[in-house]
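**Student:** Residue numbers (full-length UniProt numbering): 1 to 654.
#1: Rounded to whole angstroms, what is the Cα-Cα separation between residue 132 and residue 363?
#2: Given a threshold of 16 other Cβ atoms within 10 Å of its Cβ, counted over all protein chains shown, does residue 404 qualify as buried or as exposed?
#3: Measure the C-alpha to C-alpha separation of residue 141 and residue 112 and round it to an integer number of angstroms.
#4: Run through DSSP, which three-state label would residue 349 get?
#5: Less than 7 Å separating the beta-carbons of residue 246 and residue 274?
#6: Rounded to the nearest angstrom, how far is the Cβ of residue 646 from that of residue 621, given a contact under 8 Å?
#7: Quick one: what's residue 187 bridged to in DSSP?
#8: CA-CA distance, residue 283 and residue 237?
#9: According to the Cβ coordinates, are residue 586 and residue 562 closer than 7 Å?
#10: For a test of the three-state rule: what should DSSP assign to residue 267, helix, strand or coil?
#11: CB-CB under 6 Å to residue 411, same chain, minus the five flanking residues each way: which ones, in chain order?
#12: Below 8 Å on the Cβ atoms is my guess for residue 181 versus residue 269; work out the distance and round it to an integer in Å.
#13: Using a Cβ-Cβ cut-off of 8 Å (strictly less than) and excluding sequence neighbours within five positions of residue 650, which residues of its own chain qualify?
#14: Please determine, among 484, 480, 512, the residue with the shortest C-alpha to C-alpha distance to residue 465.
#15: Residues bridged to residue 614 by DSSP?
#16: So is residue 635 buried or exposed if we call it buried at 16+ other beta carbons inside 10 Å?
#17: Using 10 angstroms around the beta-carbon of residue 52, count the other beta-carbons present and answer buried if the total reaches 16, otherwise exposed.
#18: State the beta-bridge partners of residue 303 as determined by DSSP.
#19: Enumerate in chain order the residues of its own chain whose CB-to-CB distance from residue 502 is below 6 Å, with the five nearest sequence positions on each side excluded.
#20: Would you say the region 151 to 168 touches the region 205 to 222, given that touching needs at least three Cβ pairs under 8 Å?
#21: Would the region 153 to 172 count as touching the region 76 to 88 if we require 3 or more Cβ pairs under 8 Å?
#22: Would you report the Cα separation of residue 92 and residue 147, rounded to the nearest angstrom?
#23: Counting beta carbon pairs with one atom in the region 329 to 338 and one in the region 363 to 374, are three or more of them shorter than 8 Å?
#24: Can you tell me whether DSSP reads residue 317 as helix, strand or coil?
#25: Are there 16 or more other CB atoms within 10 angstroms of the CB of residue 488, so buried, or fewer, so exposed?
#26: Sorry if obvious, but does the Cβ on residue 492 come closer than 6 Å to a heavy atom of the ligand SAM?
#27: Between residue 42 and the rest of its own chain, which residues show a CB-CB distance below 8 Å, the 5 nearest in sequence each way excluded?
#28: Is residue 643 near residue 627, with beta carbons less than 7 Å apart?
#29: Can you tell which of 213, 296, 103, 186 has the C-alpha that lies nearest to the C-alpha of residue 230?
#30: Smallest Cα separation from residue 588: which of 109, 311, 564?
#31: Select from 608, 263, 555, 597 the residue whose C-alpha is nearest the C-alpha of residue 314.
#32: Under a three-way DSSP split, which group does residue 220 fall into?
#33: Report the residue from 207, 211, 266 whose alpha carbon sits nearest the alpha carbon of residue 187.
#34: Along the chain, where does the alpha helix (DSSP H) that runs through residue 457 open and close?
#35: How big is the Cα-Cα spacing for residue 456 and residue 510?
#36: Using 8 Å for Cβ pairs, my map puts residue 328 next to residue 354. What's the rounded Cβ distance?
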């Protein structure tokens with residue numbers, strides 16, 4: 001019945017949502033607000049669908065740090081599976097993430113460039129990124145170089161939206177993105193990928209995995225490059241150069257698993273990635289006197305991540321995991337003179353992290369008691385002198401998952417000790433109640449905190465930014481309420497959230513205001529109709545900062561659109577598979593390219609289409625056309641995004 005009702009309402013509801021988006025106002029109309037409330041209560045409508053995947057994983061880990069059936073999870077979680085990543089083609093991780101509910105992003109031009117991810121409107125430094133449980137990212141900027149992580153060796157991704165410091169420690173204000181790399185196969189398996197596309201795009205990849213005795217191993221390598229497009233499209237910018245800005249990326253990963261016995265497993269894994277991409281800038285200092293036209297600037301981010309994990313099952317009810325990890329986030333910029341390649345200077349902002357954690361989980365009937373001890377050291381090696389260049393964070397977490405036929409409750413308590421700022425206690429309480437078969441209502445309350453980054457504290461003064469050692473950690477309290485429905489061929493959710501951040505530090509101005517409020521709603525659903533899967537999501541986000549200074553009071557946070565509608569259609573005909581993805585976004589605000597104040601970036605619509613064909617058992621062809629309508633748009637003021645671009649690839653696997 002609900003399914004029939006969904007089909008009946010789909011056309012007019014989608015049109016209503018489109019009208020809301022096309023209003024392009026700083027606040028939604030009253031009609032839109034009423035419609036959103038109605039959708040939250042009657043979510044039988046398929047006005048929105050989650051851009052998840054036709055086959056969802058049965059369990060998730062990130063929501064509670066232990067494997068939990070998706071039907072028992074009370075948090076707002078999305079899983080991206082390998083099938084979606086296989087269809088990505090020339091699309092990078094940032095675009096894949098950006099197609100998910102509650103996620104927005106910006107890139108500073110071309111196919112690879114500096115990237116920021118916004119979860120529920122939180123600034124990029126207010127979410128954390130994990131690779132196989134190891135935190136990655138820059139301690140100077142507070143963000144992870146998402147654009148530097150290859151898709152080929154990722155098994156799946158889990159996105160946890162909402163305050164999660166009680167589970168993961170500082171900085172998880174907007175949520176957590178966890179990337180799980182591929183595990184080796186039981187049989188000897190090899191694969192080779194080659195592809196080419198617009199703007200000089202080339203890709204090649206190879207992978208091998210197998211099991212011998214107690215050992216399993218996997219190895220993969222990927223190289224991507226492109227001549228690119230011009231990153232900077234505003235001639236008034238100090239670094240503007242109309243030339244094409246290309247990139248070259250080389251990455252590899254390896255994993256070795258030793259199954260000592262049925263209850264003891266040791267895993268050693270590493271992922272290494274190095275990218276060089278061009279952008280428009282002039283060095284400072286500038287010993288060669290380079291100008292816009294004569295400067296050739298290259299950013300060279302590097303990711304080095306190594307993890308050692310020991311999983312043990314001591315009894316039928318008691319399991320433990322010991323993890324040791326090290327992660328390097330290197331950000332080096334080099335400048336050259338175009339005419340003769342003469343070196344014009346460089347900068348570096350490198351972060352090194354050592355991490356350790358010990359997790360114990362005790363199953364008590366259907367309940368799970370979990371205790372975690374973890375610690376990490378962050379150190380900075382930079383061409384810029386910082387007054388303080390390292391800090392230590394240690395944490396203790398205790399959680400209890402109470403599971404009953406109609407109730408699921410998760411209580412979490414955590415204390416962190418920061419060597420710079422002292423002790424912080426965070427907590428979270430979430431619950432789900434089964435209203436009817438497949439239908440649950442969920443709610444949560446919790447707190448998080450975020451310490452200022454090294455840039456926010458100690459970066460030297462410039463005309464547009466100045467470090468402030470008097471900054472204090474941001475504290476926040478978050479709440480959310482929603483409905484979830486999950487059946488064989490239909491799933492949907494309607495979530496509203498409110499997150500108040502005290503002592504908010506504006507990432508653009510580095511001014512600590514009285515507070516920021518991140519509030520909004522995410523409506524999502526997916527329907528499987530035979531060989532066709534429809535999916536879409538609608539996000540309303542209204543993040544604002546408040547200050548005693550009138551000019552800084554009640555300002556929308558930059559680079560976050562208020563209304564975003566996303567969707568996809570996937571259809572399979574035997575060995576042939578076609579798909580389409582769309583993204584409609586309202587306007588957003590950003591800082592002016594020249595001078596102070598803000599500018600409004602127009603709303604936009606993009607469409608991606610593609611097809612893959614399994615020519616035979618071991619060969620698959622993929623063709624993907626991104627931005628099929630050749631839309632011109634910006635996610636950050638003054639920076640371009642690729643126009644229409646085609647990519648064709650072939651994958652061989654035994």
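Yeah, the Cβ is synthetic: ideal placement off N, Cα and C, and Gly gets one too. Treat the numbers as computed from the prediction; the structure is a model and nothing was measured.
**Tutor:** To lay it out plainly:
#1: 23 Å
#2: exposed
#3: 18 Å
#4: strand
#5: Not closer than 7 Å, so no.
#6: Incorrect: roughly 13 Å between the Cβ atoms, too far for contact.
#7: As DSSP reads the structure, residue 187 sits in no beta bridge.
#8: Answer to the nearest angstrom: the Cα atoms are 14 Å apart.
#9: yes
#10: strand
#11: 400, 429
#12: Contact holds; Cβ gap of about 6 Å.
#13: 193, 194, 195, 619, 620, 621, 622
#14: Of the candidates 484, 480, 512, the residue whose Cα lies closest to the Cα of residue 465 is 512.
#15: 620
#16: By the neighbour-count rule (16 or more Cβ atoms within 10 Å), residue 635 is buried.
#17: Because the pLDDT of residue 52 is 36, which lies under 50, any placement of that residue in the model is unreliable, and the number read from its coordinates should be weighed accordingly. Per the 10 Å Cβ criterion, buried.
#18: 273, 329
#19: 475, 515
#20: yes
#21: yes
#22: Roughly 7 Å between the two C-alpha positions.
#23: no
#24: coil
#25: exposed
#26: Ligands are entirely absent from the displayed structure, and the ligand SAM is therefore not among its contents.
#27: Since pLDDT at residue 42 reaches only 34, below the 50 mark, its modelled position is unreliable, and the value read off the structure follows with that caveat. Result list for residue 42: empty, nothing under 8 Å.
#28: Between residue 643 and residue 627, the C-beta spacing is below 7 Å.
#29: 296
#30: 564
#31: 263
#32: strand
#33: 211
#34: 454 to 458
#35: 6 Å
#36: Wrong, their Cβ atoms sit about 10 Å apart, outside the cutoff.
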